[in-house]
Amino acid sequence: MPEGHTVHRLAHAFAELFGGQRLAVSSPQGRFADGAALLDGHALVGTEAHGKQLFLAFSPAPDAGADGVRWLRVHLGLYGSWTFAGDETFRAPHAIGAPRRRVGEEEVALASPDEPASPESPDEADDVVVAIEEAAPATDATPGATDAAPEADASPGATAWHPHAPRGAVRVRLLGAHGVADLTGPTACEVVTAEEKAAVQRRLGPDPLRPDGDGEAFVAAVRARRRAVGELLMDQSVVAGVGNIYRAEALYRARVHPLRLGRDVPATRLRAMWADLAELMADGVATGRIVTTRPEDRHDPEDRWYVYHRSGRPCLVCGTKVAEAPMAGRRLFWCPRCQRAPRRRP
DNA sequence: TTTCCATGAGAAT
DNA sequence: TTCTCCTGGAAAT
């Protein structure tokens, strides 16, 4: 899944692609028909990411008060992803979300401006090509796509663009003047009020990617618990946005053993880990990829991670075999030598 | 073709 | 701890 950096990318993408536009909102799959009806025809007036939660604000109905803003709350979970397509003015990556192969390739392409390239500016051209390839022959009316037409603000001279038929189980389709975003496989997708949104956020810990992310709150939350720090990093109420890759890699880079109890990790170590996460994740937002290895430790361009998914292979730094064990239902990876084992309690 | 698996999380046991 | 939900690409059959 999409860890927090992916969700922040999405918040940026939606603001840029659809900000201020009235959108046709539908649920081709049908499971979100009621929610879609509430948002259909309303303008996207704001986007926000907090940890792995994405919030999209829609303008209130004319007869609703000022606080009638409704939020679409989406959590991608393990499988969710957004797929984008549109005309040449619609500059979006092909897809953002669960790391299916197609998605990964696309994100790589976006992050490598030195790819050989097409005549025009590389990333823009790539997007358009993908969008065209993905477009199915414009079949007849997607329900919800033809009514509630978006505002006609197409720039003069832009070629006509038609959305492709939804592919797969599309929970939500957001259709603007220049492009479309399809959501598949989310864990959560619902329309909430501002108060309900705030309630969700109160349960979340600080997010290293947000300006209001409070590193000291993270340090205090970890040191208050006797649970293993490897579990605490995956607890969204301790730190929001960290997932299985950032957990393993941040612990490695801090040289902290995942089984060490939270309260036993020195505060200075945790402060450094927070700063490191902020940096790593910001890089993830910029590039769409998680890369945690320092250039000097990267023996091969494929060496993106120190320990994640490297069990049995030599540690890039010390050569010791990377270890793996399940923790809280997920696969956990660490280097037994670089990350010294915690003292065993008698 | 069937099965397995994944960057998640909440509920049930 | 284990189950359950959601999807689709890859690996296994």
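In full-length UniProt numbering, the protein residues as written are 1 to 346. Every residue gets a Cβ at the ideal spot worked out from N, C-alpha and C, and that includes glycine.
Length of the line joining the Cα atoms of R289 and D283: Straight across, the Cα-Cα distance linking R289 with D283 is about 8 Å.
When F14, T83, L76 and A37 are compared against T47, the one with the closest alpha-carbon: F14
Own chain residues within Cβ distance below 8 Å of S81, not counting five before or after: Once the five neighbours on either side are set aside, the close Cβ partners of S81 are P2, A95, I96, G97, A98, R100, V103, L183, T184 and G185.
A250 Cβ short of 6 Å to the ligand COA heavy atom set: This structure simply doesn't include the ligand COA, nor any ligand for that matter.
H257 versus T193: straight-line alpha-carbon distance, rounded: 41 Å
Coarse secondary structure for D87, derived from DSSP in three states: coil
Cut-off 7 Å between Cβ atoms - residues of its own chain near F18, not counting five sequence neighbours on either side: Around F18, the same chain offers L44, L174 and G176 as residues with beta carbons nearer than 7 Å, after the five sequence neighbours per side are excluded.
Secondary structure of T184, DSSP reduced to three states: T184 carries a strand assignment under DSSP once its states are collapsed to helix, strand and coil.
Buried versus exposed call for R263 [16 or more other C-beta atoms within 10 Å across all chains shown]: exposed
Helix, strand or coil at Q29 according to DSSP, with G and I counted as helix: coil
Identified DSSP bridge partners for R333: One point to set straight first is that residue 333 is Phe, not Arg, in the sequence displayed. In DSSP, F333 forms a bridge with E324.
Closest residue to H50 among L259, K197 and A85 (Cα-Cα distance): Nearest C-alpha to H50: K197.
Contact between the region 212-220 and the region 53-60 (3+ Cβ pairs under 8 Å): Output reads no: the region 53-60 does not touch the region 212-220.
Nearest-angstrom Cβ-Cβ length linking H164 and A61, presumed shorter than 8 Å: In fact, because the Cβ distance is near 30 Å, the residues do not count as touching under 8 Å.
One or two residues paired with P314 in a DSSP bridge: In DSSP, P314 forms a bridge with K321.
Length at least 4, wholly inside the region 1-56: the alpha helix (DSSP H) runs in chain order: Within the region 1-56, the alpha helix (DSSP H) runs of at least 4 residues that lie entirely inside it are, in chain order, 4-18 and 33-39.
Beta-carbon gap between T292 and W274 smaller than 7 Å: Not in contact: T292 and W274 (Cβ atoms no closer than 7 Å).
L209 and H12 closer than 7 Å at C-beta: L209 places its beta carbon 7 Å or farther from that of H12.
Reference H309; option with closest CA among R298, V229, R225 and A325: Answer by Cα proximity: A325.
7 Å Cβ cutoff met for V307 and V317: no
For I96, three-class secondary structure by DSSP: strand
Sheet register partners of R202 (DSSP bridge): In DSSP, R202 forms no bridge with anything.
Spatially closest choice to R331 from A248, A220, A181 and W71, by CA coordinates: A248
Candidates Y252, V180, R31 and Q21, of which the one nearest R340 by Cα: Y252
Beta-ladder partner(s) of C189, from DSSP: V74
Boundaries of the beta strand (DSSP E) in which V172 is found, first to last residue: V170 to L175
Among D297, L72 and S26, nearest to E195 - alpha-carbon criterion: Answer by Cα proximity: L72.
Residue 347 in three-state terms, based on DSSP: The question about residue 347 has no answer here: the residues shown for the chain are numbered 1 through 346.
Residue burial classification, A228 (beta-carbon count within 10 angstroms, cutoff 16): buried
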